[in-house]
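Peer 1: In the UniProt record's numbering, the protein residues as written are 1 to 403.
Quick one: this structure, given as structure tokens, is what I'll be asking you about.
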Amino acid sequence: MNFEKNVDTVIIGGGNVGAAIAHHLADLGKTDVCVLERGTISNLQGSTGHAPGLVVRNNYSTVMSEWADYSTKLYTSLPDGGSHMELVGSIEASRHEKNTPVFEAKLAAAKSRGFKAKLLASNEVGEMLPYVDAGKLALSLLVEGDGVVDAKSTVQSLLKNAESKGIAVHENTEVLSITTHNSRVTAVETTGGRIACNTVVLAVGIWGAVFLEKMGVKLPLVPVQHPYLYTKAAPVLGEPTSAAVRPMFRDMDNLFYLREHGNQFGYGWYNHAPLGAEMQDNRAAELPYVEQVFDSKLPFDLLPVLRTLPVIDQLNGVFSMTPDGGPLLGEIDEVVGLFLAEAVWVTHAGGVGRSAAQMLTGNTLTQDVSKFDANRFSSYDAQRIYADALSLYNNIYHWPLTV
Numbered sequence: 001m002n003f004e005k006n007v008d009t010v011i012i013g014g015g016n017v018g019a020a021i022a023h024h025l026a027d028l029g030k031t032d033v034c035v036l037e038r039g040t041i042s043n044l045q046g047s048t049g050h051a052p053g054l055v056v057r058n059n060y061s062t063v064m065s066e067w068a069d070y071s072t073k074l075y076t077s078l079p080d081g082g083s084h085m086e087l088v089g090s091i092e093a094s095r096h097e098k099n100t101p102v103f104e105a106k107l108a109a110a111k112s113r114g115f116k117a118k119l120l121a122s123n124e125v126g127e128m129l130p131y132v133d134a135g136k137l138a139l140s141l142l143v144e145g146d147g148v149v150d151a152k153s154t155v156q157s158l159l160k161n162a163e164s165k166g167i168a169v170h171e172n173t174e175v176l177s178i179t180t181h182n183s184r185v186t187a188v189e190t191t192g193g194r195i196a197c198n199t200v201v202l203a204v205g206i207w208g209a210v211f212l213e214k215m216g217v218k219l220p221l222v223p224v225q226h227p228y229l230y231t232k233a234a235p236v237l238g239e240p241t242s243a244a245v246r247p248m249f250r251d252m253d254n255l256f257y258l259r260e261h262g263n264q265f266g267y268g269w270y271n272h273a274p275l276g277a278e279m280q281d282n283r284a285a286e287l288p289y290v291e292q293v294f295d296s297k298l299p300f301d302l303l304p305v306l307r308t309l310p311v312i313d314q315l316n317g318v319f320s321m322t323p324d325g326g327p328l329l330g331e332i333d334e335v336v337g338l339f340l341a342e343a344v345w346v347t348h349a350g351g352v353g354r355s356a357a358q359m360l361t362g363n364t365l366t367q368d369v370s371k372f373d374a375n376r377f378s379s380y381d382a383q384r385i386y387a388d389a390l391s392l393y394n395n396i397y398h399w400p401l402t403v
């Protein structure tokens, strides 16, 4: 394979985050860059490859919400003029009136950010989601403009744009090590040869900690296992012409979410015991399904259709968590020129990609992203990193009433 022997910037990882960074760097005119992907772009083995694709923009963190909103705009207006996202909206619901303050806070936040949102009566939910027993719901919040995205197709479009402007993308190329001199990046060693560079952007998600451990650098990131199931075709969904027609649904009481995949349902949940993952020997972000851990109470009361609808695929996907649930963005203190874009969900990847590109080119940032500085957990030991990150899993939908 014919490599550039010298480039300014190497992006390690060709998933949603790496692709978004490359796309934005190209648009900013920085093209002395190459993207290295261990597998193939058409068959990504990282978290992008199995992401359910839900993009919910409303978040108690203003920056996270802005990242998600920008990502939605990017995903629905790709450089080639296409879109791999369906703006079906989202409905969050609870059976309990006691959660009224939380739903009111969510509604106020959504409106303050310019999102079209409203509280729904139960009959309105039933009309929008005929497979939900909406009579059992006390509270429901609709946010229009949220949606579901085909992450893999989106990656291909973003990288195609980057390549068209001069950025090189190399598939089937594994980075073996990062070479440094006087604590400064000088090169990457790959299965295709050595590439001298000034900057390395690490966007490998769940493998980030394994990668940096070889350099003696601690990364405050914990890979976590998560169930996602696909059902057999559901008659109630008919024969849709798009990936999704109706809003995605989140049961806030059971930490459960559901979306349509054409004429099938896909759903996952966070109400089981958190389960970390060791990724040293795993080259794909999918592990064997762990029935005894993932076996949790599903909301059959709200979704009786799931009680008898056969499941045809059980996925145990791995994604990244940090001690505060936010991404790790920026240059690390230990090595000059080593830049992180880690622990980023598809939801925020477009926005994070823009912020990262702005940082790498010295442009003014659209947002103040200092709260997500890559070095903010430098005082944490490994035990605290692991415990704090896993503790957030069962609070994934938590919305603090005071921030």
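Glycine included, each C-beta is placed from N, C-alpha and C at the ideal position.
1) In chain order, what residues of the same chain lie with their CB nearer than 6 Å to the CB of S90, ignoring the 5 residues before and after it?
2) Within its chain, find whatever has a CB closer than 7 Å to the CB of P223; leave out the 5 residues flanking it on each side and keep chain order.
3) Just list the beta strand (DSSP E) runs in the region 22-49, keeping only unbroken ones of 3 residues or longer that don't cross its boundaries, in chain order.
4) Please state whether the Cβ-Cβ distance between F377 and G326 is less than 8 Å.
5) Return the chain-ordered list of same chain residues with a C-beta closer than 7 Å to the C-beta of Y380, the five sequence neighbours on each side being excluded.
6) Three Cβ pairs or more, each shorter than 8 Å: is that satisfied between the region 32-41 and the region 156-174?
7) Quick one: Cα of D251 to Cα of T62, how far?
8) Which whole-angstrom value describes the C-beta separation of A382 and K218, a residue pair presumed to lie in contact below a C-beta threshold of 8 Å?
9) Taking the alpha carbon of P400 as the point to measure from, which residue in V245, N99, G126 has its own alpha carbon closest?
10) Can the beta-carbon of A108 be found less than 8 Å from the beta-carbon of H23?
11) Helix, strand or coil, according to DSSP, for V403 in the structure here?
12) Give a yes or no on whether the C-beta atoms belonging to K111 and A105 are separated by under 8 Å.
13) Do you know how far the Cα of T154 is from the Cα of G14?
14) Would you tell me roughly how many angstroms separate the C-alpha atoms of Y397 and P240, rounded to the nearest one?
15) Specify the secondary structure class of D388 as computed by DSSP and reduced to three states.
16) Quick check: the Cα distance between S47 and A285, rounded to an integer number of angstroms?
17) Whole beta strand (DSSP E) runs in the region 243-281 with 3 or more residues, listed along the chain?
18) Just to confirm my understanding: we take F211, look at its own chain, exclude 5 residues before and 5 after, and list those with CB closer than 7 Å. What are they?
19) Locate the alpha helix (DSSP H) running through H226, then write down its first and last residues.
20) Flag this pair as yes or no: are the beta carbons of L25 and A357 separated by less than 8 Å?
21) For L255, count neighbouring C-beta atoms within 10 Å of its own C-beta (all shown protein chains included) and say buried if the count is 16 or more, exposed if not.
22) Contact check, residue 471 vs D150 under 8 Å by CB: the rounded distance?
Peer 2: Taking the coordinates as given:
1) As a working note, residue 90 is residue 90 in the sequence shown. The residues are V56, V143, D146, P247, M248.
2) Position 223 of the sequence shown holds residue 223. If you ignore the 5 residues before and after P223, its C-beta comes within less than 7 Å of the C-beta of I206, G276, A277, M279, V318, S320, all in its own chain and listed in chain order.
3) Listed in chain order, they are 33-36.
4) For the purposes of this step, residue 377 is taken as residue 377 along the sequence shown, with counting starting at 1. For the purposes of this step, residue 326 is taken as residue 326 along the sequence shown, with counting starting at 1. By the CB criterion at 8 Å, F377 and G326 fall outside the cutoff.
5) In the sequence shown, the residue the question calls residue 380 occupies position 380. For Y380, same chain residues with a beta-carbon under 7 Å away, outside a window of 5 residues either side, are P220, P323 in chain order.
6) By the Cβ test, the region 32-41 is in contact with the region 156-174, since at least three Cβ pairs between them sit closer than 8 Å.
7) As a first step, residue 251 is located in the sequence shown; it is residue number 251 there, counting from the start. As a first step, residue 62 is located in the sequence shown; it is residue number 62 there, counting from the start. Straight across, the Cα-Cα distance linking D251 with T62 is about 23 Å.
8) The residue given as residue 382 occupies position 382 in the sequence shown. The residue given as residue 218 occupies position 218 in the sequence shown. Their Cβ separation, rounded to whole angstroms, is 7 Å, which keeps A382 and K218 in contact under 8 Å.
9) For the purposes of this step, residue 400 is taken as residue 400 along the sequence shown, with counting starting at 1. Its Cα nearest to that of P400, the residue N99 stands out among V245, N99, G126.
10) On the sequence shown, position 108 is the one that residue 108 refers to. On the sequence shown, position 23 is the one that residue 23 refers to. Judged by beta-carbon spacing, H23 lies beyond the 8 Å limit of A108, meaning their Cβ atoms are not closer than that value.
11) For the purposes of this step, residue 403 is taken as residue 403 along the sequence shown, with counting starting at 1. Residue placement at V403 is flagged as unreliable, the pLDDT there being 45, under the threshold of 50; a coordinate-derived value is accordingly withheld.
12) For this step, residue 111 is matched to residue 111 along the sequence shown. For this step, residue 105 is matched to residue 105 along the sequence shown. Cβ distance not < 8 Å, so K111 and A105 don't count as in contact.
13) For the purposes of this step, residue 14 is taken as the residue at position 14 of the sequence shown. For the purposes of this step, residue 154 is taken as the residue at position 154 of the sequence shown. Using only the alpha carbons, I get a separation of about 12 Å.
14) Counted from its first residue, the sequence shown places residue 397 at position 397. Counted from its first residue, the sequence shown places residue 240 at position 240. Near 29 Å, if we compare the C-alpha coordinates of P240 and Y397.
15) In the sequence shown, the residue the question calls residue 388 occupies position 388. Reduced to three states, the DSSP call for D388 is helix.
16) Working through the sequence shown from its first residue, we reach residue 47 at position 47. Working through the sequence shown from its first residue, we reach residue 285 at position 285. Between S47 and A285, the C-alpha separation is close to 6 Å.
17) As far as the region 243-281 is concerned, its whole beta strand (DSSP E) runs of at least 3 residues are 248-251, 256-261, 264-269.
18) Here the question's residue 211 lines up with position 211 in the sequence shown. Once the five neighbours on either side are set aside, the close Cβ partners of F211 are L202, V204.
19) Position 226 of the sequence shown, counted from the first residue, corresponds to residue 226. H226 -> not in any alpha helix (DSSP H); beta strand (DSSP E) instead, spanning 222-231.
20) Within the sequence shown, numbered from 1, the residue matching residue 25 stands at position 25. Within the sequence shown, numbered from 1, the residue matching residue 357 stands at position 357. Cβ atoms of L25 and A357: closer than 8 Å.
21) For the purposes of this step, residue 255 is taken as the residue at position 255 of the sequence shown. In summary, L255 is buried, with 16 or more beta-carbon neighbours lying within 10 Å of its beta-carbon over all protein chains present.
22) The question about residue 471 has no answer here: the residues shown for the chain are numbered 1 through 403.
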